[in-house]
Each structure stands twice: as C-alpha cells, then as structure tokens.
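Each step along the sequence shown adds one to the number in the numbering used here, with nothing skipped, and position 80 is 200.
Written out below as structure tokens is the structure these notes cover.
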Amino acid sequence: MAFTPPLGSTSPEVLLDNATRLDKLVNGPEATIPDRAGEPLDSWRRQQKKVDDTLVNFQENGGAMGFSSLQELLAFTPDKANVLAVDTSTGEQYLWNGTEWVPSEYQVNEQIKSLNEI
121 MAFTPPLGST
131 SPEVLLDNAT
141 RLDKLVNGPE
151 ATIPDRAGEP
161 LDSWRRQQKK
171 VDDTLVNFQE
181 NGGAMGFSSL
191 QELLAFTPDK
201 ANVLAVDTST
211 GEQYLWNGTE
221 WVPSEYQVNE
231 QIKSLNEI
C-alpha cells in the first residue's frame, strides 16, 4: 500500500503522527489502533490480553507436564483430555486422549536423531 508521504519520510508531521500512535499503542487502553495505511495494530494491552486468554484457555483445556520416567507418566491419569506429557528421561512425548496415554505424533528426539544422521 502506498503511503503519503512515502515510508522513510522525515516530515515532522509524520514523526508527530507516529509518536502519537506509539503512545496510544503502548500507554492506551486495550484497543486496535490504525497504522498510517489504515491497517489495524493491536495495542500492548490488547496483546497482553490475548496472551493471557490463550494461557487461561490452555490451562483449562489441556496443558503440558513433565515426568521423570515413563512409569511415573503412565501412572498419572489427567482429569481432562489433550494433556501433553514428556518423559524427561528420554524426551518422548505422550498425549492423553481422555482414555489413555498415546505417543505423540511429533517426537522431537526422532527429529533431532534424523537431523544428526544427515
């Protein structure tokens, strides 16, 4: 999108406009502020709210846990599905599907091993 004046302008008006926008983005309320092209930018507080909401959702609907051994992991029964667990002795990941622990489809150690073999 074309800017008037173009990007890189040293115009005092553009500098003041940018400083005003930055002040609103950093110090203003949870909101969306348009950039010079009219595209929405999330304020700092809005971004913090999104991260907080994501963390709450993750904690309420699943999570990640570490166990020192596979036996310890298998002995634990989560109260909800979609819990990721890691056997920290091997790095292998397991997913609680609501009924049982199943190996995660994505195993970091396998990816690392295959890269090391190249």
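The beta carbon of each residue, even a glycine, is placed where N, CA and C say it ideally should be.
Put P149 into one of helix, strand or coil per three-state DSSP.
-> Working through the sequence shown from its first residue, we reach residue 149 at position 29. Three-state result, P149: coil.
**Asked** Can the beta-carbon of L204 be found less than 8 Å from the beta-carbon of S188?
**Response** For the purposes of this step, residue 204 is identified with residue 84 of the sequence shown, where counting begins at 1. For the purposes of this step, residue 188 is identified with residue 68 of the sequence shown, where counting begins at 1. No, the pair does not count as a contact, with Cβ atoms beyond the cut-off.
Item to complete: Please name the residue in L194, E237, I238 and T210 whose C-alpha comes closest to that of N217.
Response: Position 97 of the sequence shown, counted from the start, is the residue given in the question as residue 217. Nearest C-alpha to N217: L194.
### Task
Kindly list the residues whose CB is nearer than 7 Å to the CB of A151, restricted to its own chain and excluding five residues on each side of it in sequence; keep chain order.
The residue you call residue 151 lines up with position 31 of the sequence shown. Around A151: S163 and R166.
Tell me the residue span of the alpha helix (DSSP H) that contains D172. Numbered from its first residue, the sequence shown carries residue 172 at position 52. From DSSP, the alpha helix (DSSP H) with D172 extends over W164 to N181.
Using CA atoms only, rank isn't needed, just tell me which of N147, D173, W221 and T174 is closest to N202. In the sequence shown, the residue the question calls residue 202 occupies position 82. In this structure, W221 is the residue among N147, D173, W221 and T174 with its C-alpha nearest to the C-alpha of N202.
Query - V134 - partner residues in DSSP beta bridges - result: On the sequence shown, position 14 is the one that residue 134 refers to. The partner list for V134 (beta bridge, DSSP) is empty, contrary to what the question assumes.
_Of the listed residues N181, L127 and L175, nearest to D155 (C-alpha basis)_ = Taking the first residue of the sequence shown as 1, we reach residue 155 at position 35. Residue L127 is the option with its Cα nearest to D155.
What residue range does the beta strand (DSSP E) around E212 cover? Working through the sequence shown from its first residue, we reach residue 212 at position 92. In this chain, the beta strand (DSSP E) harbouring E212 covers E212 to W216.
- [ ] Compare the Cα-Cα distances from S209 to each of P198, D143 and Q191 and report the closest residue.
- [x] Taking the sequence shown and counting its residues from 1, one reaches residue 209 at position 89. For the residues P198, D143 and Q191, the minimum Cα distance to S209 belongs to Q191.
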